[in-house]
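Q: Before I ask anything, here is the structure I am working with.
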Amino acid sequence: MRLILWCWALSLGAGFCAAPPVVPALPVPVALPMREAEEAWVELATLGGTGVLAQLEMMSPRGQWEWVPNPQGESGDTVARLRLPVVPFGWTSYRVQWLPEREGEVVITLTAPRERSTNGMVLRQDVVFDDFRVTGVLLTNASFEQYVGNRPVGWEGGGVVNAGPLPPHHEANYARVWCERPLRQRVLVRSNVPVTLQWAVRAMPVLGPEAMKPLMERNTLAHQAAAFYKRGVNVSHFLELPPKDARRDECTVEDFAQMKREGFDHVRLPVAWHYYAGPAPNYALDAQFLKRVDLVASNALNQGLFVILAMTAPEALHARPQAYSNQWVALWRQLAQHYAEAHPGLALELLNEPRDAATTSLLNGWYAEALKYIRAQNPMRTVFLGPGEGNRPEALSQLRLPLEEENVIVTVHCWEPRYFTRQSDSSEGDAVGQLKGVVYPGPPSSPLPVPAEAGPALRQWLETYHRRPAAWNPSGHAVVEGQLQLARDWSEFYGRPVHVGAFGVTTAADSLSRARYMREARQLAAAYGLGWAMWAWRGGYNYWDAASGWPMTGMREALFGR
């Protein structure tokens with residue numbers, strides 16, 4: 242017993258008096274804040290000066306490049322940074338080319354922007370690259386299929402190879418990088434041997450409470466409704482104009498009947514409700530104007546056309562949206578109640594072409610508020626809504642829809658190539674208003690005169706338009722395809738239908754170019770499962786020629802194949 246007690250006391254003494262040696266504490270890993278990347282970077286660095294990268298040019302419709310100081314701090318290097326817009330819901334392809342004036346080594350770096358959070362920590366923005374295709378140089382392991390561990394063979398740096406969770410663009414793997422874990426490879430270029438690089442890139446989605454979750458069900462109420470909004474036409478210069486505007490062009494019952502005969506299945510009616518709203522705080526809508534809109538919508542419905550009533554906004558809303566938020570909400574509160582029992586073929590569009598300060602991020606809250614009022618009155622009503630930046634597909638990344646909201650069709654507007662589609666339209670500004678003779682696809686047979694009011698962007702566009710071949714011309718198929726691919730990729734990723742609510746060409750363009758553009762856009766939309774509504778029945782972007790009582794040259798064939 243004494244031995245046991247003694248051993249017990251010794252053990253206590255060892256516990257208090259003979260502490261184990263102190264081991265230095267290991268640093269606790271700090272999780273960097275993550276943000277979805279909006280850009281990926283490809284950097285081309287050389288010690289040979291700009292001559293090794295002579296005539297460098299981005300051939301893709303999106304993206305730009307600039308000369309920058311070497312981010313590695315090596316003196317004497319010339320670095321061209323290619324800035325590539327990316328989205329998390331699909332791959333975007335890019336192409337660059339140059340013609341070296343002398344032999345030299347180029348270091349290709351795949352990376353992402355270096356930015357910091359408000360507390361100074363580096364933001365981790367992961368991007369993934371795949372499927373490099375090259376001419377004029379030898380690039381090892383261009384599709385990242387060879388690797389040791391998770392490191393791609395032939396590439397240096399901290400980037401890794403992944404086989405998921407995203408589907409690869411090509412074969413089985415892709416490379417994943419961020420600003421502190423790039424990938425680099427050196428290639429040798431030869432004098433006067435053209436070099437082209439082509440690849441695919443996308444942002445890695447960031448999961449979190451703010452991320453929009455894809456719908457698993459792909460036969461929602463919205464998908465069912467979208468079947469009735471396949472081939473539409475906009476009516477312009479009508480309900481969106483101020484009262485007593487001399488430009489007003491009435492759309493009659495016969496117009497709607499003719500639309501149906503042509504093959505359209507729906508009509509989109511922009512409506513400027515704000516012109517007929519009373520003072521704050523109620524902003525009561527004029528009863529007579531409501532009756533007028535109801536009559537127009539009924540006339541279309543009676544001809545077998547489904548209808549979209551699309552709210553237009555005061556110009557000032559786009560600059561100062563918060564000053565108009567109360568009016569906007571009040572209008573939708575009234576419209577939700579007014580159309581609670583309306584024909585099921587009448588859909589409501591929350592806001593036409595929001596832009597500038599009316600950003601997608603801001604509108605997410607607005608849309609949720611309007612949907613609350615609409616659903617309280619009619620849970621089944623089909624609603625259209627779209628992103629900011631004029632409903633451009635490029636702004637879809639920021640759109641957030643409630644998971645439970647399944648009867649929303651997302652709208653995008655496709656006006657690119659804008660200098661072709663909007664030429665001679667004075668509403669686009671003096672320079673575009675003076676622009677004439679742009680063809681589709683470019684290049685033209687002879688250079689166009691540059692408008693006196695043209696700024697640097699238009700001058701650069703025309704310079705490129707005049708010399709690039711059709712495949713890479715800024716007034717060409719790749720531009721249209723790129724926009725509609727974004728819409729398709731978003732739709733497939735999130736499981737929600739997308740509708741191209743406006744696309745068209747001013748009648749100032751030659752009829753062959755107009756028809757070619759409209760046919761290609763319509764065919765792409767159909768191939769991608771996107772409904773559409775062309776701009777417009779009349780009003781300067783005409784489908785219908787009122788003087789001849791016949792479609793404008795080539796329009797019927799372009800849109801209906803007959």
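Numbering follows this note's numbering, with no gaps: position 129 of the sequence shown is 370. Glycine included, C-beta positions come from ideal geometry on N, C-alpha and C. Just so we're clear, the structure is a prediction, and the values are computed from it rather than from any experiment.
Which residues mark the beginning and the end of the beta strand (DSSP E) in which residue 410 is found?
A: Locating residue 410 in the sequence shown gives position 169, where the first residue counts as 1. Taken as a continuous stretch (DSSP letters only), residue 410 belongs to no beta strand (DSSP E), as it is neither H nor E.
Q: How big is the Cα-Cα spacing for residue 589 and residue 596?
A: Here residue 589 refers to the residue found at position 348 of the sequence shown. Here residue 596 refers to the residue found at position 355 of the sequence shown. Spanning the two alpha carbons is a distance of roughly 19 Å.
Q: Helix or strand or just coil, what does DSSP make of residue 305?
A: Along the sequence shown, read from residue 1 onward, the residue named residue 305 stands at position 64. Of the three classes helix, strand and coil, the one that applies to residue 305 here is strand, per DSSP.
Q: Determine the burial state of residue 753: buried for a count of at least 16 other Cβ atoms within 10 Å of its Cβ, exposed for fewer.
A: Translated into positions along the sequence shown, residue 753 becomes position 512. With fewer than 16 Cβ atoms within 10 Å of its Cβ, residue 753 is classed as exposed.
Q: Evaluate residue 585 with the Cβ neighbour count: other Cβ atoms within 10 Å of its Cβ, from every protein chain shown; 16 or more gives buried, anything less gives exposed.
A: The sequence position of residue 585 within the sequence shown is 344, counting from 1. It counts as exposed.
Q: Between residue 471 and residue 644, how many whole angstroms is the CB-CB distance? I'm expecting something under 8 Å.
A: The count along the sequence shown starts at 1 and reaches residue 471 at position 230. The count along the sequence shown starts at 1 and reaches residue 644 at position 403. Not really, about 26 Å apart at Cβ, beyond 8 Å.
Q: Would you mind stating whether residue 723 and residue 657 have Cβ atoms separated by less than 9 Å?
A: Counting from 1 along the sequence shown, the entry for residue 723 is found at position 482. Counting from 1 along the sequence shown, the entry for residue 657 is found at position 416. Yes, these two residues count as a Cβ contact at 9 Å.
Q: Measuring alpha carbon to alpha carbon, tell me which of 353, 437, 465 and 326 ends up nearest residue 647.
A: Looking up residue 647 in the sequence shown gives position 406. Comparing Cα positions, the closest option is 465.
Q: How is residue 384 classed by DSSP in three states: helix, strand or coil?
A: For the purposes of this step, residue 384 is taken as the residue at position 143 of the sequence shown. Note: residue 384 maps to coil in three-state DSSP.
Q: Tell me the residue span of the alpha helix (DSSP H) that contains residue 345.
A: As a first step, residue 345 is located in the sequence shown; it is residue number 104 there, counting from the start. Segment 345 to 352 is the beta strand (DSSP E) holding residue 345; no alpha helix (DSSP H) there.
Q: Can you look up residue 334 in the DSSP assignment and give me helix, strand or coil?
A: Counted from its first residue, the sequence shown places residue 334 at position 93. In this structure, residue 334 counts as strand in the three-state DSSP scheme.
Q: When you compare only the Cα positions, how much space is there between residue 431 and residue 309?
A: As a working note, residue 431 is residue 190 in the sequence shown. As a working note, residue 309 is residue 68 in the sequence shown. Computed Cα separation, rounded: 23 Å.
Q: Across which residues does DSSP place residue 740 in a beta bridge pair?
A: Looking up residue 740 in the sequence shown gives position 499. 652 and 772.
Q: Sorted by chain position, which residues of the same chain lie with C-beta nearer than 6 Å to residue 611's C-beta, five sequence neighbours on each side aside?
A: To locate residue 611, count along the sequence shown from 1; it is residue 370. Same-chain partners within the cutoff: 573 and 591.
Q: Give the secondary structure of residue 299 by DSSP, where H, G and I count as helix, E and B as strand, and everything else as coil.
A: Residue mapping note: residue 299 aligns to position 58 of the sequence shown, counting from 1. Here residue 299 sits in strand by DSSP.
Q: For residue 285 and residue 425, what's the separation of their Cα atoms in angstroms?
A: In the sequence shown, counting from the first residue as 1, residue 285 sits at position 44. In the sequence shown, counting from the first residue as 1, residue 425 sits at position 184. C-alpha separation (whole angstroms): 10 Å.
Q: Using 10 angstroms around the beta-carbon of residue 791, count the other beta-carbons present and answer buried if the total reaches 16, otherwise exposed.
A: Position 550 of the sequence shown, counted from the first residue, corresponds to residue 791. So residue 791 counts as exposed.
Q: What do you get for residue 331, buried or exposed, if any count of 16 or more other CB atoms within 10 angstroms of its CB means buried?
A: The count along the sequence shown starts at 1 and reaches residue 331 at position 90. When all chains shown are included, residue 331 counts as buried.
Q: Helix, strand or coil: how does DSSP classify residue 433 here?
A: Within the sequence shown, residue 433 is the residue found at index 192, counting from 1. Correct three-state label for residue 433: coil.
Q: Taking residue 742 as the reference, give the member of 508, 366, 375 and 363 with the closest Cα.
A: To locate residue 742, count along the sequence shown from 1; it is residue 501. The residue with the shortest Cα to Cα distance from residue 742 is 508.
Q: Decide if residue 536 is buried, meaning its Cβ has at least 16 other Cβ atoms within 10 Å, or exposed.
A: Position 295 of the sequence shown, counted from the first residue, corresponds to residue 536. Classification for residue 536: exposed.
Q: From this set, 479, 389, 386 and 650, which residue's C-alpha is nearest residue 456's C-alpha?
A: Counted from its first residue, the sequence shown places residue 456 at position 215. Checked all of 479, 389, 386 and 650; the closest Cα to residue 456 is 650.
Q: Have a look at 691, 685, 694 and 732 and flag the residue whose alpha-carbon is nearest the alpha-carbon of residue 710.
A: On the sequence shown, position 469 is the one that residue 710 refers to. Ranking 691, 685, 694 and 732 by Cα distance to residue 710 puts 685 first.
Q: Who are the near neighbours of residue 691 in its chain, counting only those whose CB is closer than 7 Å to its CB and skipping five residues on each side?
A: As a first step, residue 691 must be located in the sequence shown, where it is residue number 450. For residue 691, where only same-chain residues beyond five positions count, the Cβ hits under 7 Å are 700 and 703.
Q: When the distance is taken between beta carbons, is residue 367 closer than 9 Å to residue 300?
A: For the purposes of this step, residue 300 is taken as the residue at position 59 of the sequence shown. For the purposes of this step, residue 367 is taken as the residue at position 126 of the sequence shown. The answer is no: Cβ separation not under 9 Å.
Q: Roughly how many whole angstroms lie between the Cα atoms of residue 399 and residue 759?
A: As a position in the sequence shown, residue 399 is number 158, starting the count at 1. As a position in the sequence shown, residue 759 is number 518, starting the count at 1. Roughly 46 Å between the two C-alpha positions.
Q: If you follow the alpha helix (DSSP H) that residue 607 is part of, which residue opens it and which one closes it?
A: Working through the sequence shown from its first residue, we reach residue 607 at position 366. Per DSSP, residue 607 belongs to the alpha helix (DSSP H) from 601 to 618.
Q: Just to confirm, are residue 307 and residue 339 a CB contact at a threshold of 9 Å?
A: For the purposes of this step, residue 307 is identified with residue 66 of the sequence shown, where counting begins at 1. For the purposes of this step, residue 339 is identified with residue 98 of the sequence shown, where counting begins at 1. No, these two residues do not count as a Cβ contact at 9 Å.
Q: From residue 381 to residue 409, what distance separates their C-alpha atoms?
A: Stepping through the sequence shown from its first residue, residue 381 is reached at position 140. Stepping through the sequence shown from its first residue, residue 409 is reached at position 168. Taking the straight line joining both Cα atoms gives about 18 Å.
Q: What separation, rounded to the nearest whole angstrom, lies between the Cα atoms of residue 534 and residue 497?
A: Taking the first residue of the sequence shown as position 1, residue 534 is located at position 293. Taking the first residue of the sequence shown as position 1, residue 497 is located at position 256. The straight-line gap from Cα to Cα measures roughly 14 Å.
Q: Between which two residues does the alpha helix (DSSP H) holding residue 569 run?
A: As a first step, residue 569 is located in the sequence shown; it is residue number 328 there, counting from the start. Counting along the chain, the alpha helix (DSSP H) containing residue 569 begins and ends at 562 to 579.
Q: What does the Cβ neighbour count give for residue 562, buried or exposed, with the cut at 16 atoms within 10 Å?
A: Walking along the sequence shown from the start, residue 562 turns up at place 321. Classification of residue 562: buried, given that the 10 Å Cβ count is 16 or more.
Q: With a CB to CB cut of under 6 Å and the five nearest residues on each side skipped, what residues in its chain are close to residue 783?
A: Taking the first residue of the sequence shown as 1, we reach residue 783 at position 542. Taken in chain order, the residues that qualify are 748 and 793.
Q: Bridge partners of residue 426, per DSSP?
A: Translated into positions along the sequence shown, residue 426 becomes position 185. Looking at the DSSP assignment, residue 426 forms a beta bridge with 349.
Q: So which of 441, 305, 364 and 615 has the shortest CA-CA distance to residue 277?
A: Translated into positions along the sequence shown, residue 277 becomes position 36. Answer by Cα proximity: 364.
Q: Using DSSP's beta-bridge definition, name the partner residues of residue 361.
A: For the purposes of this step, residue 361 is taken as the residue at position 120 of the sequence shown. Beta-bridge pairing links residue 361 to no other residue.
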